[in-house]
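Protein sequences appear in the order of chains A and B.
Residue 88 is where the first sequence starts when you use the numbering used here, and the numbers rise one by one after that.
Residue 31 is where the second sequence starts when you use the numbering used here, and the numbers rise one by one after that.
All residues carry an ideal CB built from backbone N, CA and C; glycine is no exception.
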Amino acid sequence: MNVADIAGDFRAFGAAARKDWRILRRYPGSFISFIFWPIALPLAFVFQAQAFAGGREDTAAAFAARTGTNEIAGFLFVGWSAYMWLSLILWGPGTSLRTEQIRGSLEAIFMTPASRLVILFGPAVSHLIWAAWIFVVVGLALWIGFGVTIGPFEALRASAVILVATPALYAIGALFAAVVLRFGDVHALVQGVRGLFTAVCGMSFPIIVLPDWGQTLALALPPTYLIADLGAVLLAGTELGRIIGDLAILTGMGVVLALLAVFAFKRTERHARRGGRLAQY
Amino acid sequence: MSELRLEARAAMAIARKELQIFGRYRLNAVNQVIQPLYQTLIPSILLGATFAIDGEAVGLAETAGTTDLVGYLFLGMLALNLASAGFWGVAFAIKRELDAGTLEPAWLTPTRRETFVIGMTIAGLILAVAATIILVLVGIWLFGASLAPRLAIAIPVLAISSIGVLGIGYLIGAVVLRMRDANFFVDAADFLFVLLSGAAFPIIVLPELVRWISYLLPTTHALDLMRVAALDTRPILPIPLEWVMLVLTSVALLLLGRRAWLATGHRLRVRGTLGQH
Chain A
88 MNVADIAGDF RAFGAAARKD WRILRRYPGS FISFIFWPIA LPLAFVFQAQ
138 AFAGGREDTA AAFAARTGTN EIAGFLFVGW SAYMWLSLIL WGPGTSLRTE
188 QIRGSLEAIF MTPASRLVIL FGPAVSHLIW AAWIFVVVGL ALWIGFGVTI
238 GPFEALRASA VILVATPALY AIGALFAAVV LRFGDVHALV QGVRGLFTAV
288 CGMSFPIIVL PDWGQTLALA LPPTYLIADL GAVLLAGTEL GRIIGDLAIL
338 TGMGVVLALL AVFAFKRTER HARRGGRLAQ Y
Chain B
31 MSELRLEARA AMAIARKELQ IFGRYRLNAV NQVIQPLYQT LIPSILLGAT
81 FAIDGEAVGL AETAGTTDLV GYLFLGMLAL NLASAGFWGV AFAIKRELDA
131 GTLEPAWLTP TRRETFVIGM TIAGLILAVA ATIILVLVGI WLFGASLAPR
181 LAIAIPVLAI SSIGVLGIGY LIGAVVLRMR DANFFVDAAD FLFVLLSGAA
231 FPIIVLPELV RWISYLLPTT HALDLMRVAA LDTRPILPIP LEWVMLVLTS
281 VALLLLGRRA WLATGHRLRV RGTLGQH
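Pasting the structure below:
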């Protein structure tokens, strides 16, 4: 691969991202949904937390002891916004491939000389705009609705956590994309994995309340570290140095999952090419 | 009378057709039952555990009058499943007919337009009751919910609520026909309906203005009556008044929904847009 190839891939990457962004803009209804859900979903859990606290000091103290923060709304909003961002990143590449498959354009795309990374992650880049949007909406909702302010240093530390977690999460996204190429529809699998993440990764609770086997399972999943560390840096003002162990684990997971994703995607692509499955759905 | 019997037969045939289609996608069927478990119940139970003192939901006792967090939440699934019958049961069915281009031919049959929604809602209600029974059994066996045998009250409560659910079905049917791509609207409205019904928490924690909207939903009263009977929770209104409100809100929703449905049907036939999707 020479410099011209790399430059070409960058251009293709930008073009793929622009194309998907244009399609997204054509459906203004989705803009409303990206304002509604980042507020409505966590807010429902905030009301629930108020009911479970019952206005008592001992229950609030129990929450603070288990989560490490007094900010109930902050804890829930950060957890669920991370969940929504995760959803976009995890299902983004697979959904893009599936959409191209249904439109009948997947085979044509695979015939171009563009790198597979472009095909997988180019369209998903547009989702990052929505991800940033979700965090902005959540930050504003926390500030206006609950008086929780997130300073520039906390935001920077949170960006660093997100940056470290991104390879692992994109690798899981690529694994899903491989499954899409192999089996076509993966709705049930997506729901199952999403359910697993919701049930054990600590979007609305600290994983300390899980049974031992649940905690072990949670600690084997990258989203657990992302959510816990985002909460720590944004709400408890934790320095990056104190979560360096978590960040190292996330990096390690990223390397292993990325290698696994490359292997799985290459094998699936070969299988799809030989079996003529790229044009089928 | 014979016309009524024919309409009832048509409604049952439509319900059977919807159940047959549902049964053909088994993974989706399983997912419909277990989705509330992992998406709502488990995160809620674990959030409750975060506030627990010595394993007891003492905070919930202050706001709802019971420490049985699991029983409280599992019964809440009744509202979720009932609403889902009215919202998604009808929305999906109409959208499918629109996309397949079969809505216009179906409306050319002598069957009344209201009967289509009745059939779709019956199918949704059957699935809602089945899903709720399975979830409550899971709650009792796996999570140790202690629901009293006084749950027989569910029969009249469900019978009356069904009238309101049919009203929701009419309203959502009208919205889908007008908007065509109404997924976000249906999803958001379903979410708010379930939330305001008190499925996941006692409505006492809602701001007062919002609480008044809750009182206007039949599912709020249906759920509260069931929880009072099964868990001895504090009722949100005096019990006789709750029965009156359940009947009134259900009937009001039915009348409002039917009116919207018929008006929309008329508008589409005049404009000739029934076949569009």
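Backbone CA spacing between residue i and residue j [nearest angstrom]
i	j	result
B/E134	B/D211	17 Å
B/G78	B/D98	11 Å
A/L184	A/Y114	19 Å
A/V320	A/V225	16 Å
A/F139	B/L283	31 Å
B/L71	B/Q62	14 Å
A/A219	A/V90	31 Å
A/T253	A/G341	8 Å
A/H274	A/F350	23 Å
B/V60	B/L196	24 Å
B/G149	A/I295	47 Å
B/L76	A/A195	48 Å
B/S176	B/G106	14 Å
A/V266	A/P180	11 Å
B/G116	B/L155	8 Å
A/W230	A/V223	11 Å
Closest by C-alpha distance to residue i, when choosing among the options
i	options	result
B/I185	B/Q50, B/G203, B/I163 and B/A230	B/I163
B/F122	B/G197, B/A94, B/W137 and B/V206	B/V206
A/R360	A/V343, A/M198 and A/A258	A/M198
A/L297	A/A102, A/A103, A/R143 and A/R153	A/R153
A/I216	A/L111, A/R357 and A/A91	A/L111
A/E241	A/L317, A/H274, A/I231 and A/A218	A/L317
A/I259	A/F139, A/I176, A/R143 and A/A335	A/I176
B/H296	B/V60, B/R143, B/P265 and B/R54	B/R143
A/G363	A/F270, A/V349, A/G232 and A/L308	A/F270
B/S244	B/A204, B/M275, B/I51 and B/P268	B/M275
A/F284	A/H274, A/P310 and A/V267	A/P310
A/S213	A/T182, A/A323, A/P293 and A/A94	A/T182
B/L108	B/L167, B/G95, B/G131 and B/T93	B/L167
B/L201	B/D129, B/I190, B/S191 and B/A219	B/A219
A/A264	A/K353, A/D107 and A/D145	A/K353
Endpoints, the alpha helix (DSSP H) within which residue i is located
i	result
A/F263	P239 to F270
B/I72	I72 to F81
B/I64	R56 to P66
B/F173	B/F173 -> no alpha helix (DSSP H), and no H or E assigned at all.
B/G101	L99 to S114
B/W118	Here B/W118 belongs to no alpha helix (DSSP H), and DSSP marks it neither H nor E.
B/T249	P248 to L261
B/D84	Where B/D84 is concerned, there is no enclosing alpha helix (DSSP H), given that its DSSP letter is neither H nor E.
A/L313	P309 to L322
A/Q302	D299 to L306
B/M275	I269 to R301
A/V349	I331 to G362
B/M209	A184 to M209
A/S391	Residue numbering for chain A in the displayed model covers 88 to 368; residue 391 of chain A lies beyond these limits and cannot be assessed.
B/P135	L133 to W137
Short CB-CB distance (under 8 Å) between residue i and chain B
i	result
A/R143	yes
A/G181	no
A/F240	no
A/G232	no
A/F139	yes
A/Q278	yes
A/G209	no
A/A275	yes
A/G282	yes
Short CB-CB distance (under 8 Å) between residue i and chain A
i	result
B/A161	no
B/F223	no
B/Y68	yes
B/Q65	yes
B/F231	yes
B/A130	no
B/V168	no
B/V216	no
B/L267	no
B/L112	no
B/L239	no
Output, in sequence order along the chain, the residues in the region 286 to 313 of chain A whose CB is closer than 8 Å to any CB in chain B. A286, M290, S291, F292, P293, V296 and L297
What are the residues in the region 145 to 163 of chain A lying within 7 Å of chain B by C-beta distance? D145, T146, A149, F150, R153 and T154
Please list the residues of the region 114 to 137 of chain A that have a C-beta atom closer than 7 Å to any C-beta atom in chain B, keeping them in chain order. G116, I119, S120, F123, A127, A131, F132, F134, Q135, A136 and Q137
Chain-ordered residues of the region 72 to 93 of chain B with a beta carbon less than 8 Å from chain A: I72, P73, S74, L76, L77, G78, A79, T80, F81, A82, I83, A87, V88, G89, L90, A91, E92 and T93
Name, going along the chain, the residues of the region 247 to 265 of chain B whose beta-carbon falls closer than 9 Å to a beta-carbon of chain A. none
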